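All remarks here apply to the structure that follows.
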Amino acid sequence: MFLASSQASILRKLYALPNFLGENLIPTLPPKKMQKIWQVTGPILLSALSILITFIFVQPVACWLDPTFSLFANRGIGKIGITVLVMWHIFLLLFNCDKKLLYDFWQTNFLFFKKTDWIKPFFLFFIVFSSFHALFLIALYFTGCLIYTPVQINYNLSFAIKMLVGVIATFFLAWTEELIFRGTVYKFFVQALSPITSAVFASLIFMLSHNLSNPLALVTIDWKLGAGLFLLGLLLNLIFILTGKLYTGMGAHAGLVFVKVFLRRIPFVAFLPPEQLSFFIDKDLRQSLCFHLAFILVDIILIIKIIKNQKRNLSNN
1327 MFLASSQASI
1337 LRKLYALPNF
1347 LGENLIPTLP
1357 PKKMQKIWQV
1367 TGPILLSALS
1377 ILITFIFVQP
1387 VACWLDPTFS
1397 LFANRGIGKI
1407 GITVLVMWHI
1417 FLLLFNCDKK
1427 LLYDFWQTNF
1437 LFFKKTDWIK
1447 PFFLFFIVFS
1457 SFHALFLIAL
1467 YFTGCLIYTP
1477 VQINYNLSFA
1487 IKMLVGVIAT
1497 FFLAWTEELI
1507 FRGTVYKFFV
1517 QALSPITSAV
1527 FASLIFMLSH
1537 NLSNPLALVT
1547 IDWKLGAGLF
1557 LLGLLLNLIF
1567 ILTGKLYTGM
1577 GAHAGLVFVK
1587 VFLRRIPFVA
1597 FLPPEQLSFF
1607 IDKDLRQSLC
1617 FHLAFILVDI
1627 ILIIKIIKNQ
1637 KRNLSNN
């Protein structure tokens, strides 16, 4: 408790720095725009630095308790740990910012659960994007990249629990990631930047955060994975811009992920060995160039729709 209160006190003072610097140290830059950009991005950069420092202290202690633990893990306790760490810093960040932004955060990310009208759009986007993922796999099957693998499944209580855990984990993964990257990071950027530009920056952060141990690898040796994550992040941001609702992106995100979760539990199809696959295909579809092309096409369509909506709103005003 003492550590948390001390961290909150320190961050409160640090979060005041962007305003001080924006008002006092960069008056010669293209005045108000640059100051506004720094005031918006400064707290995000400071939060990232605080997360890094906290990690330096937490990871060794956690490893002392359990040598297999890692905050860099993509699944399991490590994934939960880094999510909780990020959420804590989001709350610290928001409680030291404008109250209007704090209210918007609660309204965007939490208050919609009070009603039931989010359920239908959530499942609509879930069905559309899970079908998109499934149809893509079916196309790969008919091109010979996937093969059918008979699997013996014991449909018992243990299997039902595993499926239920998979469904719940998929929902909370989609919700927390949308909350962090669309409901918070994008919202911060859009205070000073255009919606499309904000979506690009938020998508870059979304991409880099998926390899915390070596984020630069996503733009070098693992560029295919980096490109896939960026395009996915951009797609989810564009959905958020168009609908203005977090739960639509949650549905799309959950739909794409659930197909993979389902196939982990019932692996009735398998990819050919990597050496037999085309350069454009990978068993991790986020690294498949043909999947990238599909994402690019959808992203372009959504961007055109957003621009048309913006022009229509301007003409109406």
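First residue of the sequence shown: 1327, per this note's numbering; consecutive thereafter.
Note that CB positions come from ideal geometry on N, CA and C, so glycine has one too.
The model shown is predicted, which means the values in this text are computed figures rather than measured ones.
- Inside the stretch 1550-1627, DSSP marks whole alpha helix (DSSP H) runs of 4 or more residues at positions 1572-1591, from first to last along the chain.
- Rounded to whole angstroms, S1524 and I1630 show a C-alpha spacing of 16 Å.
- When M1576, W1414 and V1585 are compared, the shortest CA-CA separation from F1439 is found for M1576.
- Taking one beta carbon from each stretch, the stretch 1462-1469 and the stretch 1486-1500 have fewer than 3 pairs nearer than 8 Å; the two do not touch.
- DSSP, reduced to helix, strand and coil, places I1473 within a strand of the structure shown.
- The beta carbons of G1552 and M1533 sit closer together than 7 Å.
- The beta-carbon separation of W1432 and Y1573, rounded to 15 Å, does not stay under the 8 Å limit for a contact.
- Taking all protein chains in view, the Cβ of I1567 is crowded by 16 or more other Cβ atoms within 10 Å, so the residue is classified as buried.
- Within the stretch 1471-1547, the complete beta strand (DSSP E) segments at least 3 residues long are 1472-1474, listed from N- to C-terminus.
- Excluding the 5 residues flanking it on each side, F1621 has same chain C-beta neighbours closer than 7 Å at L1557, L1558 and L1561, in chain order.
- By the Cβ-count criterion, T1546 is exposed, with fewer than 16 other Cβ atoms from all chains shown falling within 10 Å of its own Cβ.
- For the pair S1456 and V1585, the CB atoms are nearer than the 7 Å cut-off.
- C1423 carries a coil assignment under DSSP once its states are collapsed to helix, strand and coil.
- Going by beta carbons, F1606 and L1598 fall outside the 7 Å limit.
- Excluding five sequence positions before and after H1618, the CB atoms of its chain that fall closer than 7 Å to its own CB belong to A1553, G1554 and L1557, given in chain order.
- Closest by C-alpha distance to N1540, out of L1371, H1415 and L1378, is L1378.
- In the structure shown, T1367 adopts helical secondary structure according to DSSP, grouped into three states.
- Nearest to E1601 by C-alpha distance, out of F1594, K1609 and V1595, is K1609.
- In the three-state DSSP reduction, T1409 falls in the helix class (H, G or I).
- Under the three-state reduction of DSSP, D1430 is assigned to helix.
- L1437 has its alpha-carbon roughly 36 Å from the corresponding atom of Q1613.
- DSSP, read as helix, strand or coil, puts T1380 in helix.
- Non-local C-beta neighbours of V1587 in its own chain, meaning closer than 6 Å and more than five positions away in sequence, comprise G1492 and T1496, ordered along the chain.
- In the structure shown, W1414 falls within a helical segment according to DSSP collapsed to helix, strand and coil.
- If you draw a straight line from the Cα of T1367 to the Cα of K1441, it is about 33 Å long.
- Annotation for A1528: F1507, R1508, V1511, Y1512, F1515, G1559 and N1563 place their beta carbon closer than 8 Å to its own, counting only its chain and skipping 5 residues before and after.
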